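Working notes, beginning with the structure itself.
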Amino acid sequence: MKIIIRNAEQDTDVNKAENIFIAFDENNEYLGYGYVYPSFNYDISYKHPHNIYIDINVESNIQCCNSVMDALFERIMKRAHEIRDEHNDINARIYGGCFASDTEKIQYYISKRLADDEGTHLYEKYIAKQGVINKEVDGIEITEYKIEQEHEKLDFIQVYNSINNKKIDSASLEEMMSEKLWNNFSVFLEGKMVGNIMVYERVNKDNEVVGYIENIFVDKECRNKGIAKQLLNKAFKYFIDNGIEICELEVWSVNERAVNLYKSMGFEFIRETEIYPGINL
Numbered sequence: 001m002k003i004i005i006r007n008a009e010q011d012t013d014v015n016k017a018e019n020i021f022i023a024f025d026e027n028n029e030y031l032g033y034g035y036v037y038p039s040f041n042y043d044i045s046y047k048h049p050h051n052i053y054i055d056i057n058v059e060s061n062i063q064c065c066n067s068v069m070d071a072l073f074e075r076i077m078k079r080a081h082e083i084r085d086e087h088n089d090i091n092a093r094i095y096g097g098c099f100a101s102d103t104e105k106i107q108y109y110i111s112k113r114l115a116d117d118e119g120t121h122l123y124e125k126y127i128a129k130q131g132v133i134n135k136e137v138d139g140i141e142i143t144e145y146k147i148e149q150e151h152e153k154l155d156f157i158q159v160y161n162s163i164n165n166k167k168i169d170s171a172s173l174e175e176m177m178s179e180k181l182w183n184n185f186s187v188f189l190e191g192k193m194v195g196n197i198m199v200y201e202r203v204n205k206d207n208e209v210v211g212y213i214e215n216i217f218v219d220k221e222c223r224n225k226g227i228a229k230q231l232l233n234k235a236f237k238y239f240i241d242n243g244i245e246i247c248e249l250e251v252w253s254v255n256e257r258a259v260n261l262y263k264s265m266g267f268e269f270i271r272e273t274e275i276y277p278g279i280n281l
């Protein structure tokens, strides 16, 4: 089977067409796709702040599935090296993101010499048992920020994507905002968002109703002032007021600063939810 790979015809909200690859056979039948997504994050991955994320998805019902995977992988790696060379003064690492249950894809990446030594970890806290510590920070006021206006959504997405490994677009933000008990709490100083926590209700794998912290961040210039702890306590109180006793969140395994914060607030490691096989370039 002849495999033809083309770039996407247009950019998406979060990626460029030149980084997206679509595979077809000689009859122009769709076979699968892959992409490269470059991101700079000195905050989380300080050893290799240039993170290049890749993903490959091939139709399960086609013949020569591995051949399509290989063709896409080769094209993706070529593009990843081109991106790396544009910033060759910064340490770079390629990551292939997988759910922990997707053993087939994990093994494929490992066969391509990517190491499965990083990932996303789930942490949990029984807030009903441990209670809430209401320690206010002078000069800091936490307010509900509903992100209702279109320009507010665009600004929020820009801030979110500049901090997180996972990127969102307007559709994924809308999806999060539609979750049960969704709310968002922010800290603003001189009109600038310097801290934020987004929360909602969900049912976990143990069929428990939990309060989920989708995201928490504090601006670099405002850290070590207790803002993150105050935001977390705001979330705990919100959950308790709505009858929820368990709080969960996920964190990148190498983000030691965040992991230490969550542990200090009573969170305990539950399991690995995503695996990011990677290799330094």
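First residue of the sequence shown? That's 1 in full-length UniProt numbering, and the numbers climb one at a time after it.
Glycine residues also receive a C-beta, built at the ideal position from the N, C-alpha and C atoms.
Quick caveat: nothing in here was measured; it's all calculated off a predicted structure.
Pop quiz: Ile62 and Leu31 are said to be a contact at Cβ under 8 Å. What is the actual Cβ separation, rounded to whole angstroms? The residue labelled residue 62 in the question sits at position 62 within the sequence shown. The residue labelled residue 31 in the question sits at position 31 within the sequence shown. Confirmed, about 6 Å.
By alpha-carbon positions, which one of Ala92, Glu124, Tyr33 ends up nearest to Arg6? Looking up residue 6 in the sequence shown gives position 6. The residue with the shortest Cα to Cα distance from Arg6 is Tyr33.
Mark Asn196 as exposed unless 16 or more other C-beta atoms lie within 10 angstroms of its C-beta, in which case mark it buried. Taking the sequence shown and counting its residues from 1, the one referred to as residue 196 is at position 196. Classification for Asn196: buried.
Going straight from the alpha carbon of Tyr160 to that of Val58, what length do you get? Here residue 160 refers to the residue found at position 160 of the sequence shown. Here residue 58 refers to the residue found at position 58 of the sequence shown. Looking at the two C-alpha atoms, the distance is approximately 29 Å.
Check whether Pro38 and Ile83 have beta carbons under 9 Å apart: Working through the sequence shown from its first residue, we reach residue 38 at position 38. Working through the sequence shown from its first residue, we reach residue 83 at position 83. Yes; because the gap between Cβ atoms is below 9 Å, this pair is in contact.
Expected contact under 8 Å - CB spacing of Leu173 and Ile157 to nearest Å: Within the sequence shown, residue 173 is the residue found at index 173, counting from 1. Within the sequence shown, residue 157 is the residue found at index 157, counting from 1. Indeed, because the Cβ distance is near 6 Å, the residues count as touching under 8 Å.
Quick one: what's Asp55 bridged to in DSSP? Numbered from its first residue, the sequence shown carries residue 55 at position 55. Asp55 is bridged to Tyr35.
My parser needs the beta strand (DSSP E) runs of 3 or more residues fully inside the stretch 191–267; what are they? 192–203, 209–218, 246–252
Is any heavy atom in the ligand SAM found nearer than 8 Å to the beta carbon of Ser39? This structure simply doesn't include the ligand SAM, nor any ligand for that matter.
Taking its Cβ as the centre, do 16 or more other Cβ atoms sit within 10 Å of Thr120, making it buried, or is it exposed? Counted from its first residue, the sequence shown places residue 120 at position 120. Its Cβ being crowded by 16 or more others within 10 Å, Thr120 is buried.
When the Cα of Leu232 is compared with those of Leu261, Ile106, Ser162, Arg257, which residue comes out closest? Mapped onto the sequence shown, residue 232 falls at position 232. Answer by Cα proximity: Leu261.
Using 8 Å as the Cβ pair cut-off and three pairs as the minimum, do the stretch 234–252 and the stretch 199–214 touch? The stretch 234–252, when compared against the stretch 199–214, does touch it at the 8 Å Cβ threshold.
Through-space distance from Ser170 to Ala8, alpha-carbon basis: Counting from one through the sequence shown, the residue named residue 8 turns up at place 8. Counting from one through the sequence shown, the residue named residue 170 turns up at place 170. Each residue's alpha carbon lies about 20 Å from the other.
Cβ of Phe185 within 9 Å of Cβ of Val194? Counted from its first residue, the sequence shown places residue 185 at position 185. Counted from its first residue, the sequence shown places residue 194 at position 194. Cβ atoms of Phe185 and Val194: not closer than 9 Å.
Quick check on Leu154: buried or exposed, where buried means 16 or more other Cβ atoms within 10 Å of its Cβ? Looking up residue 154 in the sequence shown gives position 154. By the neighbour-count rule (16 or more Cβ atoms within 10 Å), Leu154 is not buried but exposed.
Is Gly97 near Ile275, with beta carbons less than 9 Å apart? On the sequence shown, residue 97 is found 97 positions in, with the first residue counted as 1. On the sequence shown, residue 275 is found 275 positions in, with the first residue counted as 1. The answer is yes: Cβ separation under 9 Å.
As a quick exercise: from Gln230, Lys47, His48, Ile54, pick the residue whose alpha carbon is nearest that of Tyr35. What you label residue 35 is simply residue 35 of the sequence shown in a count that begins at 1. If we check each option's Cα against that of Tyr35, Ile54 comes out closest.
Identity of the residue in Arg223, Glu179, Lys192 nearest Val203 by Cα: Counting from one through the sequence shown, the residue named residue 203 turns up at place 203. Closest by alpha carbon: Glu179.
Residue range of the unbroken beta strand (DSSP E) whose run includes Asn164: Translated into positions along the sequence shown, residue 164 becomes position 164. Per DSSP, Asn164 belongs to no beta strand (DSSP E) and is neither H nor E.
By the 10 Å Cβ neighbour count, where 16 or more other Cβ atoms means buried, how is Ile4 classified, buried or exposed? Translated into positions along the sequence shown, residue 4 becomes position 4. It is exposed - the Cβ of Ile4 has fewer than 16 other Cβ atoms within 10 Å.
Tell me which same chain residues have a C-beta within less than 8 Å of the C-beta of Ile147, skipping the five on either side of it? As a working mapping, residue 147 is identified with position 147 in the sequence shown. Once the five neighbours on either side are set aside, the close Cβ partners of Ile147 are Lys153, Phe156, Leu173, Met177, Asn184.
Are the CB atoms of Ile140 and Ile227 nearer to each other than 9 Å? Within the sequence shown, residue 140 is the residue found at index 140, counting from 1. Within the sequence shown, residue 227 is the residue found at index 227, counting from 1. Their beta carbons are under 9 Å apart, which means Ile140 touches Ile227 by this criterion.
Tell me which residues share the same chain as Phe40 and place their Cβ nearer than 7 Å to its Cβ, disregarding the 5 neighbours each side in the sequence. Locating residue 40 in the sequence shown gives position 40, where the first residue counts as 1. Pro49, His50, listed in sequence order.
For Lys47, name the three-state secondary structure that DSSP assigns. Taking the first residue of the sequence shown as position 1, residue 47 is located at position 47. In the structure shown, Lys47 sits in coil (DSSP, three-state: anything other than H, G, I, E or B).
With DSSP as the reference, label Ile279 as helix, strand or coil. Translated into the one-based positions of the sequence shown, residue 279 becomes position 279. Strand at Ile279.
On the DSSP letters alone, give me the boundaries of the alpha helix (DSSP H) that Glu175 sits inside. Within the sequence shown, residue 175 is the residue found at index 175, counting from 1. It spans 170–177 - the alpha helix (DSSP H) in which Glu175 sits, taken as one unbroken run.
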